Structure formats: structure tokens, C-alpha cells
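K.L.:
Residue numbers (this note's numbering), protein chains in the order written: chain A, 22 to 354; chain B, 22 to 354; chain C, 22 to 354; chain D, 22 to 354.
There are 4 protein chains.
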Amino acid sequence: MIAVLKRSTTQQQLDNFCEWIKSQGVGVHVYTGEYQTVVGLIGDVTKVDADMMAGLDIVESVTRISDPFKSANRKFHPDDSIIDISGKTTVGGDTFAIIAGPCSVESEEQILEVARAVKASGATMLRGGAFKPRTSPYDFQGLRADGIELLLEAKRETGLPIVTEIMNAAHLPLFEDVDVIQVGARNMQNFELLKELGKTKKPILLKRGLANTLKEFLMSAEYIMSGGNENVILCERGVRTFETYTRNTLDLSAVPMLQELTHLPIIVDPSHATGLSRLVRPMALAAAACGADGVMIEVHNNPQAALCDGPQSLTPEQFDEVVKSMHRILDVI
Amino acid sequence: MIAVLKRSTTQQQLDNFCEWIKSQGVGVHVYTGEYQTVVGLIGDVTKVDADMMAGLDIVESVTRISDPFKSANRKFHPDDSIIDISGKTTVGGDTFAIIAGPCSVESEEQILEVARAVKASGATMLRGGAFKPRTSPYDFQGLRADGIELLLEAKRETGLPIVTEIMNAAHLPLFEDVDVIQVGARNMQNFELLKELGKTKKPILLKRGLANTLKEFLMSAEYIMSGGNENVILCERGVRTFETYTRNTLDLSAVPMLQELTHLPIIVDPSHATGLSRLVRPMALAAAACGADGVMIEVHNNPQAALCDGPQSLTPEQFDEVVKSMHRILDVI
Amino acid sequence: MIAVLKRSTTQQQLDNFCEWIKSQGVGVHVYTGEYQTVVGLIGDVTKVDADMMAGLDIVESVTRISDPFKSANRKFHPDDSIIDISGKTTVGGDTFAIIAGPCSVESEEQILEVARAVKASGATMLRGGAFKPRTSPYDFQGLRADGIELLLEAKRETGLPIVTEIMNAAHLPLFEDVDVIQVGARNMQNFELLKELGKTKKPILLKRGLANTLKEFLMSAEYIMSGGNENVILCERGVRTFETYTRNTLDLSAVPMLQELTHLPIIVDPSHATGLSRLVRPMALAAAACGADGVMIEVHNNPQAALCDGPQSLTPEQFDEVVKSMHRILDVI
Amino acid sequence: MIAVLKRSTTQQQLDNFCEWIKSQGVGVHVYTGEYQTVVGLIGDVTKVDADMMAGLDIVESVTRISDPFKSANRKFHPDDSIIDISGKTTVGGDTFAIIAGPCSVESEEQILEVARAVKASGATMLRGGAFKPRTSPYDFQGLRADGIELLLEAKRETGLPIVTEIMNAAHLPLFEDVDVIQVGARNMQNFELLKELGKTKKPILLKRGLANTLKEFLMSAEYIMSGGNENVILCERGVRTFETYTRNTLDLSAVPMLQELTHLPIIVDPSHATGLSRLVRPMALAAAACGADGVMIEVHNNPQAALCDGPQSLTPEQFDEVVKSMHRILDVI
């Protein structure tokens with residue numbers, strides 16, 4: 022970590038500053054130039070509060086030159102993490118995970134039908150929303166506990182591990198038989214929730230926040246891991262930009278970038294990123310081509326399909342074709 | 022609400038679409054042009070799911086022409102809401118609220134000293150962080166329950182109502198004697214927390230999320246209000262932009278804009294927005310000048326002040342001067 | 022176009038408003054609801070100034086329901102545009118364009134060596150910067166006219182058509198033998214330059230601005246096309262987001278989205294988007310997988326490669342491997 | 022400047038890197054830690070290409086610890102710059118500049134009437150658009166040369182210095198009698214135009230780009246100043262954010278921040294920032310309160326005012342009230 026002090030800093034202030042750094046168990050190295058003084062912090066600076074330091078009146082800028090994440094950092098764990106999913110499948114390494122299912126669990130018939138269909142097409146896990154985060158209190162909030170029951174039924178019938186979102190740590194007992202717990206984009210920095218999930222051993226599928234950097238994303242993974250749960254799967258699902266034709270902007274360069282920074286697996290959600298079913302196919306193929314460890318895709322199968330062919334979801338037939346195309350790409354790269 | 026359908030939409034699809042709309046208790050008005058068909062939705066469209074509709078394959082775009090917020094909407098409640106704070110002070114209307122105190126509660130001595138100082142300078146409430154949302158799990162997380170105890174002690178001694186942040190609905194019992202419960206920027210869309218707060222009668226100080234629009238901000242207020250708690254105070258605290266010299270970018274035009282859209286009071290937090298104590302004064306004066314209903318300012322008083330003059334906090338002396346200057350501005354406008 | 026008027030609008034104001042609309046040759050359709058009045062504009066509204074209208078005090082919001090671009094709009098020109106490049110190659114349709122070369126032209130030896138290498142690997146055009154837009158006046162500004170001379174020499178030797186950036190319409194005479202003129206991201210809204218290019222017949226490679234929407238991007242294409250030059254190639258090169266590990270964020274969903282909106286070809290520049298040579302390969306493969314009409318890739322070949330292996334550029338060997346991999350993907354989709 | 026090298030860097034690569042740095046006339050200071058090697062660059066690093074360096078494969082990150090701007094840097098010129106405007110008024114120092122006038126020059130009658138009105142209210146300069154940058158080629162592009170003629174007539178009659186925008190260096194001869202040449206937001210990084218303006222001695226009013234940082238803003242000022250023209254006035258006019266109720270988001274914290282970074286004067290344009298005339302007053306007062314060196318406000322006076330009270334413009338009566346209110350604030354701070 023490097024702190025640049027202002028030209029107006031007195032020798033006394035500099036001495037006090039260095040004492041304060043050293044009192045945190047970190048060494049200092051001072052270089053005094055014509056227009057500024059640079060203080061290098063040497064040793065384990067993970068716990069030094071850079072924001073606090075940057076706010077000091079004598080400080081012009083603070084720069085971390087090492088990453089603030091540790092457990093998630095590939096530097097200290099060079100090998101890929103492979104997350105075991107209830108002994109039935111894995112995420113990371115050589116597997117290409119395909120998580121598929123409806124946006125919301127709506128009925129027994131719906132979830133069973135979709136589960137059978139996506140299994141037949143090669144999905145490795147079933148997804149479905151029971152607790153739904155909605156911008157408006159007037160929008161449908163999900164079947165909640167009943168939705169989880171229906172997912173468990175689909176799991177029993179098809180054998181597919183299930184993934185579903187948690188919004189409140191108080192609901193954890195409902196997730197006992199859920200295989201992978203999802204943390205949604207709006208809760209990526211719900212630190213109290215992350216801490217509670219860090220106390221479990223469940224695989225956590227952590228979605229990137231709408232306007233969060235990769236560093237913040239990894240710090241949120243770090244919250245879970247520092248609590249003792251190393252089973253974290255990262256999910257890129259688009260970030261907010263000024264573009265309005267697509268709901269969000271899928272950041273595919275996050276895939277190879279994260280693979281360089283961390284040993285955790287990274288999957289891609291083209292359905293939420295674009296919000297448009299007709300863009301899911303090209304973005305899923307692109308995710309496979311750039312090296313993602315898997316995809317999460319919305320698939321629906323309801324009578325209304327005849328009417329309107331669904332929001333950001335594919336039909337089972339479309340999904341089947343996308344899976345085949347992704348595998349053709351995976352085969353050649 | 023206006024839905025524009027694609028040119029390729031068949032008459033059968035259009036009929037199905039209109040039926041589906043009507044089944045939600047909303048009227049339709051169809052206008053067919055050369056290149057597209059426009060369907061106007063007439064009546065109470067608050068509960069129509071615009072996202073779902075926009076995702077339909079036959080739909081090109083959906084536009085709400087009325088705001089999706091109701092309880093917070095000034096159209097339906099033309100008069101300013103005035104929030105009563107434990108019978109001791111108010112926010113909204115003619116009052117100019119001045120909420121001051123340290124970023125974090127650190128010790129009994131610290132919080133009492135700051136509380137006395139800010140009261141003497143004219144603060145109407147005391148703030149202090151007990152539960153601290155931090156990007157890194159390795160950073161100081163606050164004194165938690167002990168911090169609230171210390172705040173309550175300061176309240177008993179000075180009589181100032183207190184404001185402090187909640188991060189987990191499970192902690193609500195600890196907030197029984199807290200006068201105003203703050204929801205931080207990262208929890209603005211923690212809908213489960215908002216719902217729980219909607220069941221209380223406590224004044225809620227809701228901070229705008231780092232990358233959220235005013236519409237989303239008001240929808241989050243709507244979550245609290247639709248639960249039965251109309252005591253919401255909005256707080257503009259800066260949004261994320263590409264600028265890096267300041268921590269965030271304070272959006273002061275949000276003040277008059279929100280005053281047009283909603284009857285809820287709106288205060289400004291220049292300390293968190295800029296992250297730099299030397300910018301707090303100009304931004305506090307600007308907030309007063311543009312018509313804000315109050316400010317929230319960080320004030321600290323610790324021995325380290327001699328060393329470094331604190332992060333984004335003012336000293337009590339600086340705060341005193343800022344209060345006087347704000348009042349001079351309020352007097353002339 | 023739909024204008025929503027405020028509740029406070031008087032009948033007289035409404036009548037005046039409608040008269041003003043009609044005076045622009047556009048029909049009106051008024052729907053009066055309980056809380057607002059909606060005015061639909063019917064006919065060719067391309068030339069109606071929506072910004073101006075939105076600013077009127079009686080107007081609450083204005084929404085275009087048809088796209089403001091005409092020449093670029095796929096609705097009016099359903100077939101893909103195929104841009105002829107000096108009779109030697111094409112962009113659009115079934116071709117996959119591969120434009121490669123150094124960021125800056127540095128010397129005769131450099132440009133000739135790179136040109137030969139990329140041609141051997143299958144590049145369809147040679148790129149190289151002669152005029153360089155730099156944030157700092159102290160950074161290298163390019164070889165300017167001499168750089169173009171060197172590119173023309175490489176063209177004569179290899180037969181590859183050349184692409185190079187213009188920054189000033191006054192330089193147009195220097196571009197007489199250049200095959201494709203590039204407009205950089207910072208000049209995407211340099212409307213005076215676009216107008217001048219609209220008077221030529223040269224193919225224009227228009228890069229998306231750093232913080233521009235697809236609609237603005239197409240409106241800039243429209244500037245060139247409305248001047249009479251329909252030979253526009255769009256280039257997605259990353260947008261500005263809050264992420265800092267990568268220089269920009271490549272928006273690959275722009276590719277299928279633009280293909281839906283416009284008949285113009287769209288290519289992808291993974292080198293500038295990421296700023297990191299090690300991310301060029303995965304992003305180029307992803308571009309091929311999602312249906313782009315081509316890529317533009319930086320390739321360098323200088324003695325310093327031994328030292329530092331170049332900024333955002335690939336070596337000729339790396340480029341050769343990427344071309345082969347892209348073709349394997351193109352073959353299977 | 023600090024370069025952090027990757028752990029995998031060999032001693033040979035490190036030596037080559039240091040040689041390359043030294044060959045640019047800059048000293049190096051190497052610190053080797055357990056996980057990385059840090060190279061400090063010592064001396065005048067203004068001309069070192071940080072982007073180029075950051076792209077090297079052995080480099081993990083590069084951080085400038087001194088600002089890359091020199092002529093504009095307050096460190097080297099502690100006193101405020103005061104820009105003389107044709108000997109008639111000044112910008113910077115103790116003056117509060119008030120630049121007012123219509124968005125576009127429309128007719129002789131219009132510009133003369135507005136000019137007289139704003140002069141009577143205390144404006145120090147007259148503004149008016151002759152060349153108009155518009156997103157759409159179908160929108161009104163301004164009266165161009167004729168508009169400048171009308172401005173000059175208003176100048177002759179009222180004695181007010183005039184400010185108007187340039188979009189093309191080729192138009193410079195038309196600006197001979199213009200007092201202040203404006204560079205619009207979309208041309209902030211039109212480096213060829215900036216260079217040409219650097220060769221004149223005219224005061225330049227440089228507007229901040231829509232998505233540009235303060236550092237980039239100052240680097241654009243540096244383009245003009247390094248060419249020999251130190252008469253630069255900075256203008257904050259709002260940046261692009263995700264908010265849509267206002268056209269842009271006015272960044273008022275840029276005012277005190279820029280005053281710390283540079284000696285150049287900084288004025289605020291609340292009209293373009295908000296796009297809504299009813300927000301101009303509160304934002305103009307806030308600008309005065311936070312220490313801006315002036316404001317630029319749109320004022321119109323046309324027969325349509327009766328109809329619609331203009332886009333983002335104030336009427337002369339409203340402007341008069343705003344000027345009085347700003348002066349009351351300036352008097353008390």
C-alpha cells in the first residue's frame with residue numbers, strides 16, 4: 022500500500038502518521054520528493070483501513086498495490102477450486118455447469134415439466150425462484166416456502182440438484198435440502214446475510230451486484246469464505262450501464278479476468294443480463310467460447326408460451342438447441 | 022402504460038395480448054400504425070408487471086406514463102409530510118434538520134463529547150454508527166449492540182434523538198429506544214428488511230443506493246409505506262460515477278426533483294458523498310441553498326484529530342461554523 | 022411519440038400544444054385520464070424535437086415509440102448491408118472480417134513486417150494508427166501524414182486494404198488512397214466531422230463512444246448516411262463502467278442487439294475494450310460465437326516484444342492461433 | 022509513478038524494464054516483496070506513457086502518484102488565474118461571472134431583446150448558440166454564421182462580451198470578434214480542435230464531457246494551455262448517470278475539488294445539467310453557495326413562452342429573481 026502525503030505535511034505530522042501505521046503491525050518506507058512525500062506500507066496490509074487513511078487531511082491519495090482479498094486470491098491458491106454439489110455434480114475445473122429452470126416457481130406442473138425437459142437436454146442443475154426480489158412491492162414476490170417445497174419435489178423426481186435464492190438469513194432452515202443457495206445481485210453487499218452463509222457449508226452461488234466492481238465482488242466472496250465456507254461460485258449477470266435496449270450489459274471480459282484473479286469458478290447468466298430471450302442464445306455461446314465454467318439459463322414451459330413466448334426465458338426446445346450449440350463450441354476450443 | 026408491439030405481430034397475437042391485459046382488470050386502447058401497433062393500458066396499472074410485458078417476444082417496448090409509486094407520490098398527497106421524531110423535533114415542512122455525530126461510535130467518552138458539542142452548535146439529532154457495513158470483512162464492523170447502548174446513554178444525557186443504522190431485521194429489538202432507524206445505501210434494495218421496517222412505526226431514514234435512480238429510491242420508500250409505516254425520510258448521499266477524486270458524486274438536483282415527485286422530506290449527507298472533510302462545508306451550504314429539508318454531517322472529536330484531522334468528519338469547531346453559515350443562507354432564501 | 026402532459030395543464034395550453042404539433046405536419050390523438058393527459062403524435066415524427074418538447078413546463082414526459090434513425094433502421098431495409106472495400110473484400114453478410122495491425126504505425130520495417138504476418142494468418146485488412154487521439158498532450162500523437170504514407174506502402178506490398186483513423190476533416194486529402202476511414206470513440210459525436218464524411222463515398226468504420234448508447238451510436242451513423250454515404254461499419258469497442266481491472270467493458274450483447282436494429286455490419290475490437298493482450302483471445306472467440314461480422318485486433322512485432330510483450334497487442338504467433346480458433350468456432354455455429 | 026510487477030517477472034525482465042524506464046530520463050527505485058516487485062519512478066514522469074506501461078505482460082498495475090497535468094496544476098501556480106474578457110469583465114478571483122442568453126440564436130429581435138434584459142438584470146456576458154451540436158442530423162443545427170452575426174450585433178448594442186460555441190477549427194475566422202469561445206461537452210476530447218484553440222489567445226470556455234473525470238477534464242485544459250493559451254475557463258455542466266428524471270447529474274462537488282486541483286476558474290451551467298427550467302433556480306443558488314466562480318444560465322424571451330415556458334430556459338423575469346437570490350447568498354458567505 023502506498024500513501025502519498027500532501028506537500029504541506031509537516032515533519033511532525035509525518036512522524037505521527039508513521040507511528041500510527043507501525044502501531045498496526047505494518048512497516049513503513051518513506052520517500053521524500055520535491056512536491057510530495059510517499060509512504061510505502063510493507064507487510065500484511067490486509068487489515069489496514071485504506072478508506073480511513075485516504076480521508077486524513079495530510080493524505081493526497083492511497084493505493085493498494087496488493088489485492089485486499091486473501092481466501093479468494095489465486096496468488097495464494099493457484100489451483101482451480103472445484104465445488105462439489107451434494108456429490109452429484111461439480112462446478113469448476115473441467116465440468117461445464119448448465120443450470121436451467123424457470124424464473125419463478127409457479128406450480129407443481131410447471132416446475133416438474135421444466136425439470137424433466139432441462140434434464141433431458143443435459144442440464145446439470147435445476148434453478149427456480151421461490152423468494153423473488155422485486156423493485157416494486159406491488160409485483161409478485163414468489164411462492165416463498167411453498168416454492169421451495171415444489172423445487173424439492175422436482176429434485177426428488179429428477180435427481181437434479183436445485184439452486185434457489187435466499188433473501189433473509191432467517192429463512193435458512195427452509196434451505197436445508199437445497200443444494201446451492203443463491204445470493205442475488207441486490208444482496209451482494211448484504212454483509213449480514215453473507216456472514217450467516219459463511220457459517221454454513223452449503224455451496225453459495227453469488228451474483229455480481231448491478232454496479233459493483235470485480236474487487237467488490239471478490240470482497241463479498243471473501244465475507245463468505247472468511248467465515249469458513251469456501252464453497253463459493255461466482256456469477257456474472259450483467260452490470261448497469263447507460264444502455265437501455267438491453268436490461269443490463271453482460272460483462273464477459275469479467276470471466277477471463279476473474280479466472281486470473283481468483284481460483285473460484287465463474288458462471289454466466291445471459292437471461293438476466295439481457296432481459297431478452299432472443300439474446301440468450303448468442304450470449305450463452307459467447308460465454309462458452311470465452312471460457313466460463315458454466316451458464317445459468319431461464320427456461321419456461323407454460324401455456325402462455327403460445328401467446329407471448331415469455332420474458333427472458335427460452336422454451337425447452339430452444340434451450341435444447343442452445344445446449345447442443347454450446348457443446349459444439351466447447352468441443353473445438 | 023403504453024406497449025408498442027412489433028410489426029410482425031399477428032392479429033391473433035394482438036387479440037391474445039389484449040385479453041391478457043384485460044384479465045388484469047385494465048382497459049386497452051389499440052392504435053395501429055404503418056410500422057407498429059400501440060396498445061394503451063387504461064386504469065390502475067400499478068400492479069401490471071412492466072418487466073414481464075417488455076420481455077414478450079411480440080413487444081418492442083413498454084413505457085409507464087404514470088409513476089409506479091403511490092403512497093410516496095405527491096400527486097395523491099400534495100402536502101409535505103412532516104415526520105415527528107419522538108415528539109422532540111420534526112423533519113420536513115419548515116424545520117431544517119441537522120443530524121450530526123461520528124461515523125462510528127467508538128467509546129463512551131467519544132460519543133458523549135461529540136453529542137454535547139453538536140447539541141451546543143444546534144444539531145437537532147445525534148447520529149452514530151453501531152452496525153457498520155464494510156466492503157471488507159477485515160475492516161472494523163462497529164461496536165454493534167454496545168454501540169447502541171452508548172448512543173442511548175448520550176441520548177439520556179443530551180436529550181437529542183438518535184439515528185443509527187440497521188443491517189438485519191433480526192436486530193430490531195435492539196432498536197426499541199432508537200428514534201430514527203437508518204437504512205444504508207447498500208441495503209436500499211434489501212426488500213426483506215424494508216418489509217420488516219414497514220411493520221414498525223419508527224421513522225426510517227432511507228439512504229439512496231449507490232447506483233439507483235430516483236424511481237427505484239421511491240419504490241423502496243414505497244415498500245416501507247405500503248407495509249403501513251409512512252414515516253420515511255429520504256437521504257441523498259451521492260451516487261457512483263466515473264469520478265475518483267471524490268468518493269461519490271453528490272446529486273443535489275435530486276433534492277428539488279424529489280420534492281416535486283414526493284411529499285416525503287429529503288435530507289443530504291455531504292460527508293459520505295464526498296468522503297473528504299474539506300468538501301463538507303461547500304456541499305452543506307449548497308444543500309441548504311437548494312432547498313433540502315436538512316443535512317446529516319459527520320463530526321468527530323478524538324485525540325487523533327491532532328494527527329490527521331479525520332476522514333470525512335468535521336471537528337466540532339468546523340461543524341459549528343458550518344451550522345452558522347447554513348443558517349445565514351437559510352435566512353436569505 | 023407520446024407526450025404526457027401535467028395534470029395542471031389548462032385546456033388552452035393543451036389546444037396551443039396540439040396546434041404547435043400539427044404545425045409540424047404531424048397528427049395528434051388526445052387521451053384525457055384522471056391524473057394526466059396523453060397526447061399521441063401520429064405520422065413522421067423523425068424531425069420533431071423531443072428534447073425541446075420534454076422541456077416544456079406543461080410536459081411531464083416524452084417517449085419516442087419509434088426509433089429516430091431511418092437510413093440505418095432495419096425496419097425500412099430488412100436485408101443486411103454488405104460494404105464493399107475497394108473491390109478487394111467486403112464487410113457484412115457472410116464474410117467474417119479480420120482487421121489486424123499495430124496500434125500505431127512506428128516505422129517502415131514495423132508496418133511491413135506486421136502486414137506480411139497478418140496477411141499470412143488470414144487478415145482481410147490492415148489497420149494502423151497514424152493520427153492518435155491521446156488524453157494527454159504530452160503522449161505520442163502518432164506519425165500523422167508520414168504514418169499514412171507507410172500504410173500505403175504496406176498496402177502496395179501486401180495488397181491488403183488499409184484502415185486508419187481520421188481526427189480532423191481538414192486531413193481528408195491525405196486519406197484519398199485509404200480504403201476505410203476510422204472514426205474513433207472520442208469523435209463519435211464530432212458531428213462536423215461526421216457530416217464531412219457523409220459527403221465522401223469511403224467506407225467509414227465508426228467506433229462506439231465510451232459512454233454512448235446504441236441509439237446515439239446509430240444516430241451518429243445516421244449523420245454519415247443522411248449526407249449520402251451509406252457505407253458505414255459499426256464497431257463495438259467497450260464502454261466505460263465502474264470496473265477498473267479492464268480498461269473498458271466490452272458490450273458483446275450490442276452485437277445481436279444492433280443486428281436486430283440495423284442492417285449495417287458490426288465488428289468487435291477486443292484489444293481496445295480490454296486493454297490487456299491476455300484477454301484478447303477469449304473476447305475474440307466470444308465475438309465470433311455471438312455472431313459479429315468481424316473483429317479488429319492489435320498485432321505488433323517489435324524488438325521490445327522480448328522485453329515486455331506489448332500493451333494490448335498480440336504477437337503475430339498469438340494472432341495466428343486466435344484466427345484459427347475463431348474459424349473453428351465459425352465453422353460449428 | 023509506481024509500477025507493480027507480477028510475481029512471475031524474471032530478474033532479466035526486471036532489469037530490461039528498469040533500463041527502459043531510465044532511457045526515458047527517469048530514475049527508478051526497486052522494492053522486492055514476497056509476492057510482488059514494486060518499481061518507483063522518480064523525477065519528471067509527465068511524459069511517461071502509463072497506459073503503455075500498464076499493458077506490459079509483466080506489469081500488474083501502474084499508479085500515477087502525481088497528477089499528469091502541469092500548466093493547470095495549482096501545485097505549481099498557487100494563485101487563482103483571473104481571465105480577462107476583452108478588458109470589459111473578468112472570470113475568476115473575486116468576480117462572480119453571470120453568463121446568460123438563449124440556447125440558440127433564433128432572430129435579431131430575439132437576441133437583442135434577451136441581451137437587453139439580461140444586461141439589465143446584471144449578466145456580465147451574453148451567450149447564444151450559433152453552431153449547435155445535436156444528436157440527430159434531423160434536429161435544428163443552428164443559424165451558424167448568421168447566428169454569430171446576430172450575436173455581434175447584440176454585443177454592439179449592449180456592450181456585453183459574447184460567448185458562443187465552436188464545433189470545427191475551420192470556422193475560427195468567424196470567431197474573430199467573439200470574446201469567449203466555448204467548447205461543448207461532446208468536443209471536450211476533440212484534441213485537434215483543442216490544439217487549434219491553443220494557438221489563439223482567446224479565452225476558452227471548456228465544458229466537461231458527459232462521462233469524463235476531472236482528471237480528463239484538466240488534461241483537455243492542458244491541451245489548450247500547452248499550446249500557449251492559458252485563458253481557460255472550466256465549466257461543470259452535469260455528467261451522465263443512471264438517473265433519467267434529470268437530463269444529466271450536476272456534479273457540484275467538482276467545484277471545490279477543481280479549485281483545489283487547479284488555479285483555473287470554474288463556472289456552473291445548471292440549465293444544461295438538469296434540462297428542466299424549474300430546477301435552474303435551486304441549482305444556481307447551490308452553485309453560488311458552494312463557491313463557483315460564476316454560472317451560465319439559459320434565458321429566452323419568445324412569443325411561445327406564453328404557450329410553454331420554454332425547455333431548460335428561464336424567462337427574463339425568472340432570471341432577474343435568480344440573480345438577486347444568488348447575490349444575497351454571495352453576500353452572506
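C-beta: ideal position from N, C-alpha, C; glycine also. Because the structure is a prediction, the values reported are computed rather than measured.
Roughly how many angstroms lie between the CA atoms of B/L306 and D/C124, to the nearest whole one?
P.N.:
Translated into positions along the second sequence, residue 306 of chain B becomes position 285. Translated into positions along the fourth sequence, residue 124 of chain D becomes position 103. Rounded to the nearest angstrom, the two C-alpha atoms are 29 Å apart.
K.L.:
Would you check if the distance between the CB atom of B/P337 and the CB atom of B/S142 is smaller than 8 Å?
P.N.:
Here residue 337 of chain B refers to the residue found at position 316 when the second sequence is read from its first residue. Here residue 142 of chain B refers to the residue found at position 121 when the second sequence is read from its first residue. Yes, they are a contact pair.
K.L.:
Less than 8 Å between the beta carbons of B/E129 and B/E186, yes or no?
P.N.:
Taking the second sequence and counting its residues from 1, the one referred to as residue 129 of chain B is at position 108. Taking the second sequence and counting its residues from 1, the one referred to as residue 186 of chain B is at position 165. Not a contact, by the Cβ cut-off of 8 Å.
K.L.:
With DSSP run on the structure shown, which of helix, strand or coil describes D/R28?
P.N.:
On the fourth sequence, residue 28 of chain D is found 7 positions in, with the first residue counted as 1. Coil, per DSSP.
K.L.:
Could you please tell me which residues of the region 274 to 305 of chain A, in chain order, have their CB closer than 8 Å to any CB of chain B?
P.N.:
From the region 274 to 305 of chain A, only G296, L297, S298 and R299 have a Cβ closer than 8 Å to chain B.
K.L.:
Chain C beta carbons: is any one of them nearer than 8 Å to that of D/G76?
P.N.:
Taking the fourth sequence and counting its residues from 1, one reaches residue 76 of chain D at position 55. Judged by the 8 Å Cβ criterion, D/G76 is in contact with chain C.
K.L.:
In the region 87 to 119 of chain B, which residues sit with their C-beta less than 7 Å from some C-beta in chain C, listed in chain order?
P.N.:
Answer set for the region 87 to 119 of chain B: S87 and K96.
K.L.:
Excluding sequence positions up to five away, which residues of its chain have a Cβ less than 6 Å from the Cβ of D/V25?
P.N.:
Along the fourth sequence, read from residue 1 onward, the residue named residue 25 of chain D stands at position 4. So the list reads Q57, V59, E81 and S82, once near-sequence residues are dropped.
K.L.:
Please report the straight-line C-alpha distance between C/T104 and C/E342, rounded to a whole angstrom.
P.N.:
Here residue 104 of chain C refers to the residue found at position 83 of the third sequence. Here residue 342 of chain C refers to the residue found at position 321 of the third sequence. The identity of residue 104 of chain C in the sequence shown is Ile, whereas the question assumes Thr. Between C/I104 and C/E342, the C-alpha separation is close to 27 Å.
K.L.:
CB-CB under 8 Å to A/E178, same chain, minus the five flanking residues each way: which ones, in chain order?
P.N.:
Counted from its first residue, the first sequence places residue 178 of chain A at position 157. Excluding sequence neighbours, A/E178 sits near L133, A136 and R137.
K.L.:
Give the interface partners of A/C311 over in chain C, defined as CB-CB distance under 7 Å, in chain order.
P.N.:
By one-based count along the first sequence, residue 311 of chain A stands at place 290. Simply P303, M304, L306 and A307.
K.L.:
Please classify C/L297: does DSSP put it in a helix, a strand, or coil?
P.N.:
Reading the third sequence from its first residue, position 276 is the one you call residue 297 of chain C. Here C/L297 sits in coil by DSSP.
K.L.:
In chain F, what lies closer than 9 Å to D/G61 by C-beta?
P.N.:
The chain labelled as chain F is not found among the protein chains of the depicted structure, namely A, B, C and D.
K.L.:
Compare the C-beta of A/A370 against all C-beta atoms of chain B and say whether one is closer than 8 Å.
P.N.:
Chain A is shown only over 22 to 354; residue 370 of chain A falls outside these bounds and no answer can be derived.
K.L.:
Is the region 155 to 175 of chain A in contact with the region 162 to 176 of chain B, if contact means three or more CB pairs nearer than 8 Å?
P.N.:
The region 155 to 175 of chain A vs the region 162 to 176 of chain B: no contact.
K.L.:
Note down the Cα distance separating D/P324 from A/G230, rounded to an integer number of angstroms.
P.N.:
For the purposes of this step, residue 324 of chain D is taken as the residue at position 303 of the fourth sequence. For the purposes of this step, residue 230 of chain A is taken as the residue at position 209 of the first sequence. Note on D/P324: pLDDT 45, under 50, position unreliable in the model; the coordinate value appears next. Looking at the two C-alpha atoms, the distance is approximately 50 Å.
K.L.:
Name the chain D residues whose beta carbon is nearer than 8 Å to that of A/S82?
P.N.:
The residue you call residue 82 of chain A lines up with position 61 of the first sequence. Those are I86, listed as they occur along chain D.
K.L.:
Report buried or exposed for C/T270, applying the criterion of at least 16 other Cβ atoms within 10 angstroms of its Cβ.
P.N.:
Walking along the third sequence from the start, residue 270 of chain C turns up at place 249. C/T270 is buried by the Cβ-count criterion.
K.L.:
In this structure, what does DSSP give as the bridge partners for C/V80?
P.N.:
As a working mapping, residue 80 of chain C is identified with position 59 in the third sequence. BP columns for C/V80 point to C/L26.
K.L.:
Pair every Cβ in the region 143 to 160 of chain C with every Cβ in the region 186 to 205 of chain C, then say whether three or more of these pairs are closer than 8 Å.
P.N.:
In short, these stretches touch, since the Cβ pair count reaches three.
K.L.:
Please specify which runs of the alpha helix (DSSP H), each continuous and at least 4 residues long, are wholly inside the region 92 to 158 of chain B, giving them in chain order.
P.N.:
Listed in chain order, they are 129 to 142.
K.L.:
Going along chain C, which residues have a C-beta under 9 Å from B/R268?
P.N.:
For the purposes of this step, residue 268 of chain B is taken as the residue at position 247 of the second sequence. Under the 9 Å cutoff, chain C gives no residues; its nearest Cβ is about 13 Å from B/R268.
K.L.:
Check C/Q339 in the structure and name its three-state DSSP category.
P.N.:
Counting from 1 along the third sequence, the entry for residue 339 of chain C is found at position 318. It is helical.
K.L.:
When the Cα atoms are used, what is the spatial distance from D/E251 to C/T262?
P.N.:
In the fourth sequence, residue 251 of chain D corresponds to position 230, counting from 1. In the third sequence, residue 262 of chain C corresponds to position 241, counting from 1. Going by the C-alpha atoms only, they are around 33 Å apart.
K.L.:
With H, G and I counted as helix, E and B as strand and the rest as coil, what does DSSP make of B/M347?
P.N.:
Within the second sequence, the letter at position 326 stands for residue 347 of chain B. Three-state DSSP puts B/M347 in a helix.
K.L.:
Please go through the region 185 to 258 of chain B and give each complete alpha helix (DSSP H) segment of 4 or more residues, from N-terminal end onward.
P.N.:
DSSP runs (the alpha helix (DSSP H)) wholly in the region 185 to 258 of chain B: 212 to 219 and 235 to 247.
K.L.:
Taking 8 Å as the threshold (C-beta atoms), are D/A232 and C/A232 in contact?
P.N.:
Within the third sequence, numbered from 1, the residue matching residue 232 of chain C stands at position 211. Within the fourth sequence, numbered from 1, the residue matching residue 232 of chain D stands at position 211. Yes, Cβ-Cβ distance for C/A232 and D/A232 is below 8 Å.
K.L.:
With a threshold of 8 Å between beta-carbons, can A/V344 be considered close to chain C, or not?
P.N.:
Locating residue 344 of chain A in the first sequence gives position 323, where the first residue counts as 1. So no, A/V344 is outside the interface.
K.L.:
Spatial neighbours of D/S29 within its chain, please: C-beta separation below 6 Å, excluding the five flanking residues on both sides.
P.N.:
On the fourth sequence, position 8 is the one that residue 29 of chain D refers to. So no residue of the chain qualifies.
K.L.:
For B/G48, report the span of its beta strand (DSSP E) as first-last.
P.N.:
Numbered from its first residue, the second sequence carries residue 48 of chain B at position 27. Here the beta strand (DSSP E) through B/G48 covers G48 to T53.
K.L.:
For A/D160, go through chain B and note every residue whose CB falls closer than 7 Å to its CB, in chain order.
P.N.:
Taking the first sequence and counting its residues from 1, the one referred to as residue 160 of chain A is at position 139. Those are D70, listed as they occur along chain B.
K.L.:
Can you confirm whether the region 191 to 210 of chain C touches the region 81 to 95 of chain C when touching is taken to mean that 3 or more C-beta pairs between the two stretches lie within less than 8 Å?
P.N.:
Cβ pair count under 8 Å is below three, so no.
K.L.:
Sort D/R268, D/R155 and D/M278 by Cα distance to D/L255 and report the nearest one.
P.N.:
As a first step, residue 255 of chain D is located in the fourth sequence; it is residue number 234 there, counting from the start. If we check each option's Cα against that of D/L255, D/M278 comes out closest.
K.L.:
At the 8 Å Cβ level, is B/F196 part of the contact set with chain A, yes or no?
P.N.:
For the purposes of this step, residue 196 of chain B is identified with residue 175 of the second sequence, where counting begins at 1. No - not a single Cβ of chain A is within 8 Å of the one on B/F196.
K.L.:
So which residues on chain A does D/R261 lean against when the C-beta distance must stay under 7 Å?
P.N.:
For the purposes of this step, residue 261 of chain D is taken as the residue at position 240 of the fourth sequence. Under the 7 Å cutoff, chain A gives F263.
K.L.:
Going straight from the alpha carbon of A/M246 to that of B/I119, what length do you get?
P.N.:
In the first sequence, the residue the question calls residue 246 of chain A occupies position 225. In the second sequence, the residue the question calls residue 119 of chain B occupies position 98. Cα-Cα distance, rounded: 40 Å.
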